[in-house]
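*Asks:*
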Amino acid sequence: MSNARTRSEAAILGIDWGSTAIRATICIRKTKELHPIWNHGAVPGHDIRYQTGAFNSTLYVDDRGGIVYTGEVYNQSCTPIPSKWFLCEDRETGNPLLDGLLAKFTGMEKRIRRALEAIVRTVFQEVTTFCTDRALHIDEIGLSHPAHWTAQELSNYENLIAAVMMESNTFTKAHGRIKLHVESLASAHFLFSSPRHMKQILTKVDEPCHLVFLDFGGHTMNGCIFSAVRRSGDELNYFQVGEPFTAHGGTQLWEKRVDDFATNYAEKSLKSTLLPSQRADLLEMFHLKIKRLQTGLFASMVLHAEDPDNHGSISVHLRATDARQCFLDGLETPLRLARKKIDAAVALGSNVKIVLSGGSGKNVLVQANLQQVCAQLKIDEPFLFYEAVGEKDSFNISKGAALAAVDNIMAKEFIDRGAAFGFQTGRPLKGANGSFISWDNTAFLALDSDGPHYFRKRYSGTTRLKIVCDPQLQASAKWDHVPATCCYDILELAPPTKGHWEFCLQLHDFGDGKLGLTIRKNKLSWKGKAVLNKMTYGPFPLEYDTSSRCCLINLDRVKTESTDFENGIFLTEDGKLVPCDPEAVNDQIQDLQKENNDRLQESGGINTSMPQKVKGQQEKQGQQQEQQESRAAGKRPRSTSVSQTRGRGKPHKKSGRDDDRGQEPAYKKRLMKR
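Residue numbers (UniProt numbering): 1 to 674.
(1) Ser269 by DSSP, collapsed to three states: which one?
(2) Any idea if Gln566 is buried or exposed, counting beta-carbon neighbours within 10 angstroms, 16 or more meaning buried?
(3) Keeping to the same chain, check which residues put their C-beta closer than 7 Å to that of Ala405; ignore five residues upstream and five downstream.
(4) Would you identify the three-state DSSP class for Pro36, choosing helix, strand or coil?
(5) Under the three-state reduction of DSSP, which class applies to Thr518: helix, strand or coil?
(6) Could you say which of Thr25, Glu9, Arg7, Ala10 lies nearest to Asp393 if we only look at CA atoms?
(7) Relative to the alpha-carbon of Arg111, which residue among Glu153, Gln152, Val68, Gln125 has its alpha-carbon at the smallest distance?
(8) Based on Cα-Cα distance, which residue from Thr79, Glu109, Thr563, Ala530 lies nearest to Phe86?
(9) Grab the span of the beta strand (DSSP E) containing Glu332 for me, first residue to last.
(10) For Tyr459, which residues from the same chain have a beta carbon less than 7 Å from its beta carbon, with the 5 sequence-adjacent residues on both sides left out?
(11) Cutting at 7 Å between CB atoms, please list the residues of its own chain near Leu365, excluding the five before and the five after it.
(12) Taking the beta carbon of Asp407 as the centre, do at least 16 other beta carbons fall within 10 Å, making it buried, or is it exposed?
(13) Taking the C-alpha atoms as reference points, what is the distance between Glu243 and Ser438?
(14) Where does Leu447 sit, in a helix, a strand or coil, going by DSSP?
(15) Let me make sure I understand the geometry here. Which of Ser184, Val229, His287 has the alpha-carbon closest to that of Gln200?
(16) Output the distance between the C-alpha atoms of Thr263 and Pro80, rounded to the nearest integer angstrom.
(17) Hey, which unbroken runs of the alpha helix (DSSP H) at 4 residues or more fall wholly within the region 186 to 244?
(18) By alpha-carbon positions, which one of Val352, Lys430, Ala118, Ala344 ends up nearest to Glu207?
(19) Using three-state DSSP, classify Ser435 as helix, strand or coil.
(20) I'd like to check one pair, Val355 with Leu236: are the Cβ atoms closer than 8 Å?
(21) Hey, Gly41 and Glu72 are a contact pair by Cβ (cut 8 Å); roughly how many whole angstroms apart?
(22) Can Leu507 and Gly418 be called in contact, C-beta distance under 8 Å?
(23) Would you mind reading off the limits of the beta strand (DSSP E) that contains Ile112?
(24) Going by beta carbon distance, what residues of the same chain come within less than 6 Å of Leu493, once the five residues before and after it are set aside?
(25) When you compare each of Ser313, Gly330, Gly249, Leu303 to Arg319 by their alpha carbons, which one comes out closest?
(26) I believe Lys521 touches Phe503 by the beta-carbon criterion, under 8 Å. Please report the beta-carbon distance rounded to the nearest angstrom.
(27) Rounded to whole angstroms, what's the CA-CA distance from Ser83 to His317? Just pull it up for me.
(28) Should Lys653 be labelled buried (16 or more other beta-carbon atoms within 10 Å of its own) or exposed?
(29) Ignore the nearest five residues each way along the sequence and tell me which others in Ile490's own chain have a CB closer than 8 Å to its CB.
(30) Take Arg121 and list the residues in its own chain whose beta-carbon comes closer than 8 Å to its own, dropping the five residues that flank it on each side.
(31) Within 10 angstroms of the Cβ of His175, are there 16 or more other Cβ atoms? Answer buried if so, exposed if not.
(32) Looking at the structure shown, is Gln252 part of a helix, part of a strand, or coil, going by DSSP?
(33) Roughly how many whole angstroms lie between the Cα atoms of Cys374 and Arg456?
(34) Can you round the beta-carbon distance between Leu505 and Asp480 to whole angstroms, since I take them to be within the 8 Å contact cut?
(35) Go through its chain and collect everything with a Cβ distance to His145's Cβ below 7 Å, but skip five positions before and after it.
(36) For Asp380, which residues in the same chain have their Cβ closer than 7 Å to its Cβ, ignoring the five residues on either side in sequence?
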């Protein structure tokens, strides 16, 4: 290794592979400075669908039926195909014409691979030039990806990047250091890195808020929900709630519907067949028109293209109803899912903010739809991320992918920063839809940077118990309890039997900075003067996830293809980690909705729909809960973990591209799935 290489400064490369373009950003590890990698080979006005400076990711079908990569040359005589679909296994786009075209390339994997490598090589050449000029080297790469990609697709993507990375000395120290981040999470991390922007959204200090991130891309909408609290100064406490969600649809599918309409219009009304160049002209005009829309109302649209045969032009007329239908065909599915997720967030708490980003999110018709939703739910209009960021806003995801890797800390530093663990208790209650577990608003402090904190409690045999964590509870001021509004679940313990119990959490040092969590449970005499039985569980290894910013139980040793911890982690009486019951999430949804209804009633906000008789039963149960037997046996709360990454969990082949699988259970003030 040369002396120049030794003296160079470490940096992280974030990559966002979009449907129309690739964006790359370098983050200096030491200073966290962000530098978008500008594509100097781009032709001015090369493609109005994405901002200048990005790298064209389109492949073309040549006249021999092969796949070619032309770089920044916009080939009007060939059929374009988004290269991103070739990273997918099933390649279902929701567009029958494009699906049929993609199906033709089955068995051409080597040729496709060469084309994909050519795209990556183009990006890496620019990265290498940038790093050479500034004495930098890449020691880690962060890749963003859609939420619906399977473990195999993620592995294919990582292998593609790793193969091309070997060709440049700039990436020598990054070998084996590739991290994967869901696109919406990466976008959220970039927003969280800006105190100025967060003050515009979180206007009040110490007031928890649910942030719904909606990234409307060219082919898919990706989203996620975070719970965030702005502390004094610029300090933020935030973590992911539930799982990322996705739905197929965007400007590119909208464009395809317009393309279909224009083709039919030309055949039926003009008695002609569109040439590839005419099709390109019509779609370019379509993109110009939708960029210039000023209102959320649908209007007629006239598209023009040159007619070389007659030395004139042709015109395609879309009535307002036609324009509206094309829009709905392209974006109705993601807009419907966005409404569903906003509704769910509002059900958990009245303080909800929407953060809108993505190329399709800039369209006024998309914005008008979401503004209407916000007005109906009486929440603020969406925060337009691209307006706040300004120039180069399309680089947000690549910036977030790089930033997420910077804050990669060990569990000890996570605790030293102010994280605190606690024991939260819950009891069975009756709701409108049956029994559920209602969890206390506070948890007993069990472990922080000062060490373990013991607590004792008498149980009747019906009480539920789980371990929770607040990532920054003790950062500014010391607390003697853990408020439930800002914590997430670690795991649930088997319900303690009737009696007097003492609980404790301790850290176990595995060495090399790695820590584990040990759970101690002692059965005491009724007066607590004698220890009748001692039980120790663990140590369970802890890991810090940069995407969720949470420290969680590492399940690598217990997770198999046949076990799914999507609904949380449960610690059995004999010390085994097993998945929680699927019905557990319904408990949490009902519990959070009850909390929200109670809060609104206290403030005189709204009259909830829960019958008075049921409320009376709940109050009575609250007084008798320690004497009752559990009527919700088997319903356990959803625990939390990092998002599914490469090699973890069985790919959900049945979920398709409009992945609403497992999203309903994800809405709670905790975290997500393993």
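Each residue gets a CB set at the ideal place from its N, CA and C atoms; glycine is no exception. Quantities reported herein were computed from a predicted structural model and do not represent experimental measurements.
*Replies:* So, from the data block:
(1) coil
(2) The residue you asked about is not Gln; residue 566 is Glu in the sequence shown. Classification for Glu566: buried.
(3) Ile12, Glu140, Gly142, Lys179, Thr546
(4) strand
(5) strand
(6) Thr25
(7) Val68
(8) Glu109
(9) Segment 320 to 348 is the alpha helix (DSSP H) holding Glu332; no beta strand (DSSP E) there.
(10) Pro496, Lys498, Gly499, Trp501
(11) Leu293, Gly296, Phe327
(12) exposed
(13) 22 Å
(14) strand
(15) Val229
(16) 16 Å
(17) 195 to 201
(18) Val352
(19) strand
(20) no
(21) 6 Å
(22) no
(23) Not the beta strand (DSSP E): Ile112 falls in the alpha helix (DSSP H), residues 109 to 133.
(24) Leu465, Leu571
(25) Leu303
(26) 6 Å
(27) 31 Å
(28) Confidence in Lys653 is poor, its pLDDT being 36 and thus under 50, which makes the residue's placement unreliable; the coordinate value appears in the next sentence. Its Cβ having fewer than 16 others within 10 Å, Lys653 is exposed.
(29) Phe421, Lys466, Ile467, Val468, Cys469, Leu517, Leu552, Ile553, Ile569, Ser639, Thr640
(30) Val164, Glu167
(31) exposed
(32) helix
(33) 46 Å
(34) About 15 Å; that fails the 8 Å criterion.
(35) Leu154, Tyr157, Leu180, Val182, Glu183
(36) Lys353, Cys374
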